[in-house]
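> Chains as they are written, first to last, in the numbering used here: chain U, 1 to 301; chain Z, 1001 to 1301.
Glycine residues also receive a C-beta, built at the ideal position from the N, C-alpha and C atoms.
The structure displayed is predicted, hence computed values, not measured ones.
In structure tokens, the structure reads:
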């Protein structure tokens, strides 16, 4: 049976999974980035390569390919470029380094594109050729699939929906600009929206969700506004790419009952009648801990 | 030598061109829609088919295919659907009708997509796989090419940039909504922008362009604002699809010197630094009267 590595490089940890051609995660291992943050990225990549070798030996399998999902990942160059949440800035040739080290075909893309590919291969988008996948977490990522293919753009960086401006001149964004969707719709964005009401401090979106579910008005309104901001920008995205569905993935997506209604209402109000009542809004069909690994593995399948 | 028909169906007239495989327009013919507007669309399509037969006989050639560009054209179904500027509303199976009538493969897409395909086959986008083509005329149309393919979306209607909202709650649009880009950037939009200054009446964008070129402040400002509205929405489009170039086509595009500077400035100010200073803004490389015919013909090549 053929085996692949699906890897999810994140800001704090990297998860490495051994995946079968059928999409079963046979084994997984986590490397914390903290221990490598002060050194060069090569030490971190060496640790990843060693871990992959160990997994391989443990299961006595050969590898068909290594798929890597990473923040600001560039599919064409196999690079991570200027990732704001990573300890290593500038441009790093990650895929080529891993490929040389392990003598195994390695492909890299950004984490949201990997999640979109995983959703098409193993999740709710199996029968879809045109959809948008949104990841909601520390940031807001997006992978746009058109005609069955991920839209990479001329430079490999297409699909940064989180950095489309939703409130001109609005909140500071990590990218150095103002009013980006990510500054409103992300863990940080949700907390700021709630705190703006001045009714108390919370530490996680889960706390806001719990308050909202128990009927607290400001918490409910936080999610209503979150849906409205999303709906406004997704209306544009739908106008450009006419997707069959918009699929949400990530921790915040669990609270979909709280923001899908206002999202749908705002989306429908802001799209041309050609697109109206045609777009499904849905949650990912993959378990939270598996999707990134499955998506990255699917990248090389 | 192989020959194709490239056809451009517009709101007032339809142009039929006989095109060689090398992109030479061998012959062309125009049918005015006015004479058929009160009858069923079939009478109009019969006239088109008769005209194609005549052209074919005149040059004694066989046809490899018929490409049709039309407003609200649906590539998947070969239909014109709810086109606001056509006498026939609802949904009409145009490609199938022409194909049956002439026993020749017929493909239809919207006019801006056809122009994008023409630009890739014969114009300035020959070497590009990722670009956006904008047609500026009665309306604002767009064709988005990603990875070498036109983005059609799940229903064939992707790429309606003219109906993305640029001014929430703004001007009335022909689509029944408010604030669409087309209500600001189109022949009608330009005239309204100029008339809003209350400094006199003009009848065409050309008049505004002439005034601007001779230094009239309100005319100059009309084009500056036009560029800003375009830049704002194109920043979003660039964020989603990361194009190598945005190419402008149509009468208004001739005045590019008057609105490209403010367009570029607004675009660059509103895109994430990943995309900054990477996107070329340029004019179509095809003659105004040829592009639609060449693009439609290229659709079946």
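Are residue 1076 (chain Z) and residue 1143 (chain Z) touching if we call contact CB-CB under 8 Å?
Taking the second chain and counting its residues from 1, the one referred to as residue 1076 (chain Z) is at position 76. Taking the second chain and counting its residues from 1, the one referred to as residue 1143 (chain Z) is at position 143. Against a cut-off of 8 Å, the Cβ pair of residue 1143 (chain Z) and residue 1076 (chain Z) comes out as no contact.
> So, helix, strand or coil for residue 1296 (chain Z), using DSSP?
Here residue 1296 (chain Z) corresponds to residue number 296 of the second chain, with the count starting at 1. Correct three-state label for residue 1296 (chain Z): helix.
> Nearest-angstrom Cα distance between residue 1228 (chain Z) and residue 47 (chain U)?
In the second chain, residue 1228 (chain Z) corresponds to position 228, counting from 1. In the first chain, residue 47 (chain U) corresponds to position 47, counting from 1. So the alpha carbons of these two residues sit roughly 49 Å apart.
> Could you give the DSSP three-state label for residue 965 (chain Z): helix, strand or coil?
Missing from the structure shown is residue 965 (chain Z); chain Z here goes from 1001 to 1301 and no further.
> Which same chain residues end up closer than 6 Å to residue 1007 (chain Z) when comparing Cβ atoms and leaving out the 5 residues on each side of it in sequence?
Numbered from 1 along the second chain, position 7 holds the residue referred to as residue 1007 (chain Z). Same-chain partners within the cutoff: 1016, 1068, 1296.
> Taking the alpha carbon of residue 135 (chain U) as the point to measure from, which residue in U:216, U:255, U:251, U:277 has its own alpha carbon closest?
As a first step, residue 135 (chain U) is located in the first chain; it is residue number 135 there, counting from the start. Looking at the Cα atoms, U:251 is the closest of the given residues.
> Contact defined as beta carbons within less than 8 Å: I believe residue 1281 (chain Z) pairs with residue 1263 (chain Z). What is the distance between those atoms, to the nearest angstrom?
In the second chain, counting from the first residue as 1, residue 1281 (chain Z) sits at position 281. In the second chain, counting from the first residue as 1, residue 1263 (chain Z) sits at position 263. Confirmed, about 6 Å.
> What I want to know is whether the C-beta of residue 38 (chain U) ends up closer than 7 Å to one or more non-hydrogen atoms of the ligand COA.
In terms of ligand content, the structure shown is empty, and the ligand COA therefore cannot be addressed.
> How long is the line joining the alpha carbons of residue 1287 (chain Z) and residue 1124 (chain Z), rounded to whole angstroms?
By one-based count along the second chain, residue 1287 (chain Z) stands at place 287. By one-based count along the second chain, residue 1124 (chain Z) stands at place 124. Residue 1287 (chain Z) and residue 1124 (chain Z): Cα-Cα distance of roughly 12 Å.
> Just checking, does the stretch 1029-1039 of chain Z make contact with the stretch 264-279 of chain U on the three C-beta pairs under 8 Å criterion?
Contact between the stretch 1029-1039 of chain Z and the stretch 264-279 of chain U is absent, because fewer than three Cβ pairs lie under 8 Å.
> Measuring only the C-alpha atoms, how far is residue 1163 (chain Z) from residue 1138 (chain Z)?
Within the second chain, the letter at position 163 stands for residue 1163 (chain Z). Within the second chain, the letter at position 138 stands for residue 1138 (chain Z). When rounded, the distance between both Cα atoms is 13 Å.
> Report all residues from its chain with a CB closer than 8 Å to the CB of residue 97 (chain U); omit the five preceding and five following residues, and keep chain order.
Along the first chain, one-based indexing puts residue 97 (chain U) at 97. Correct list, in chain order: 42, 45.
> Whole angstroms are fine: how far does the CA of residue 1027 (chain Z) sit from the CA of residue 1307 (chain Z)?
Absent from the model: residue 1307 (chain Z). The displayed extent of chain Z is 1001 to 1301, so no value can be given.
> In chain order, which alpha helix (DSSP H) runs of at least 4 residues are fully inside the stretch 81-162 of chain U?
Runs found: 94-102, 111-122.
> Determine the burial state of residue 1079 (chain Z): buried for a count of at least 16 other Cβ atoms within 10 Å of its Cβ, exposed for fewer.
Looking up residue 1079 (chain Z) in the second chain gives position 79. Its Cβ being crowded by 16 or more others within 10 Å, residue 1079 (chain Z) is buried.
> When DSSP labels each residue in this structure, what does residue 272 (chain U) get in the three-state scheme?
Taking the first chain and counting its residues from 1, the one referred to as residue 272 (chain U) is at position 272. In the structure shown, residue 272 (chain U) sits in coil (DSSP, three-state: anything other than H, G, I, E or B).
> Which residues in the same chain as residue 193 (chain U) place their Cβ atom closer than 8 Å to its Cβ, once the five residues preceding and following it in sequence are excluded?
Residue mapping note: residue 193 (chain U) aligns to position 193 of the first chain, counting from 1. Correct list, in chain order: 184, 222, 225, 226.
> Are residue 14 (chain U) and residue 73 (chain U) closer than 8 Å when you measure CB to CB?
Within the first chain, the letter at position 14 stands for residue 14 (chain U). Within the first chain, the letter at position 73 stands for residue 73 (chain U). Going by C-beta atoms, residue 14 (chain U) is not nearer than 8 Å to residue 73 (chain U).
> Determine the direct distance from the alpha carbon of residue 51 (chain U) to that of residue 302 (chain U), and round the result to whole angstroms.
Residue 302 (chain U) falls outside the range modelled here, since chain U spans only 1 to 301, and no answer is possible.
> Between the C-alpha atoms of residue 71 (chain U) and residue 114 (chain U), what's the straight-line distance to the nearest angstrom?
Start at 1 with the first residue of the first chain, and residue 71 (chain U) comes out as number 71. Start at 1 with the first residue of the first chain, and residue 114 (chain U) comes out as number 114. Those two C-alpha atoms are separated by around 11 Å.
> Tell me whether residue 1013 (chain Z) sits in a helix, a strand or coil according to DSSP, three-state version.
The residue labelled residue 1013 (chain Z) in the question sits at position 13 within the second chain. If DSSP states are grouped into helix, strand and coil, residue 1013 (chain Z) belongs with the strands.
> Once you ignore the five residues that flank residue 1209 (chain Z) on each side, which residues in its own chain have a CB closer than 7 Å to its CB?
Along the second chain, read from residue 1 onward, the residue named residue 1209 (chain Z) stands at position 209. Counting only Cβ-Cβ distances below 7 Å, and skipping sequence neighbours, we find 1255, 1258.
> For the alpha helix (DSSP H) containing residue 44 (chain U), list its first residue and its last residue.
Within the first chain, numbered from 1, the residue matching residue 44 (chain U) stands at position 44. Taken as a continuous stretch (DSSP letters only), the alpha helix (DSSP H) holding residue 44 (chain U) covers 41-59.
> So if I threshold CB-CB distances at 9 Å, which residues from the stretch 233-263 of chain U count as touching chain Z?
Of all residues in the stretch 233-263 of chain U, 233, 235, 236, 237, 238, 239, 240, 241, 242, 243, 244, 245 have a Cβ within less than 9 Å of some Cβ in chain Z.
> When the Cα atoms are used, what is the spatial distance from residue 1107 (chain Z) to residue 1094 (chain Z)?
As a working mapping, residue 1107 (chain Z) is identified with position 107 in the second chain. As a working mapping, residue 1094 (chain Z) is identified with position 94 in the second chain. Rounded to whole angstroms, residue 1107 (chain Z) to residue 1094 (chain Z) spans 9 Å at the Cα level.
> Relative to the C-alpha of residue 1237 (chain Z), which residue among Z:1082, Z:1165, Z:1148, Z:1024 is closest?
Within the second chain, numbered from 1, the residue matching residue 1237 (chain Z) stands at position 237. Per the Cα distances, Z:1165.
> Output yes if chain U places a C-beta closer than 8 Å to the C-beta of residue 1164 (chain Z); else output no.
The residue given as residue 1164 (chain Z) occupies position 164 in the second chain. So, interface residue.
> Would you please verify whether the beta carbon of residue 223 (chain U) is less than 8 Å from any beta carbon of chain Z?
Here residue 223 (chain U) refers to the residue found at position 223 of the first chain. Not closer than 8 Å to any Cβ of chain Z, the Cβ of residue 223 (chain U) fails to qualify, so no.
> If we count the other Cβ atoms within 10 Å of its Cβ and call it buried at 16 or more, is residue 1200 (chain Z) buried or exposed?
By one-based count along the second chain, residue 1200 (chain Z) stands at place 200. With fewer than 16 Cβ atoms within 10 Å of its Cβ, residue 1200 (chain Z) is classed as exposed.
> Just checking: is the beta-carbon of residue 157 (chain U) within a distance shorter than 8 Å of some beta-carbon in chain Z?
Counted from its first residue, the first chain places residue 157 (chain U) at position 157. By this cut-off, residue 157 (chain U) is an interface position.
> Leaving out five residues before and five after residue 63 (chain U) in sequence, what residues of the same chain have Cβ atoms less than 7 Å from its Cβ?
Position 63 of the first chain, counted from the start, is the residue given in the question as residue 63 (chain U). Closer than 7 Å at the Cβ level, and outside the excluded window around residue 63 (chain U), lie 3, 4, 5, 56, 104.
> Any C-beta of chain Z within less than 8 Å: which residues of the stretch 274-297 of chain U qualify?
Flagged, chain order: 274, 275, 278.
> Give the residues of chain U in contact with residue 1160 (chain Z), contact being defined as C-beta atoms less than 7 Å apart.
To locate residue 1160 (chain Z), count along the second chain from 1; it is residue 160. The answer, in chain order, is 239, 272, 274.
> Straight-line CA distance for residue 11 (chain U) to residue 89 (chain U)?
Position 11 of the first chain, counted from the first residue, corresponds to residue 11 (chain U). Position 89 of the first chain, counted from the first residue, corresponds to residue 89 (chain U). Roughly 12 Å between the two C-alpha positions.
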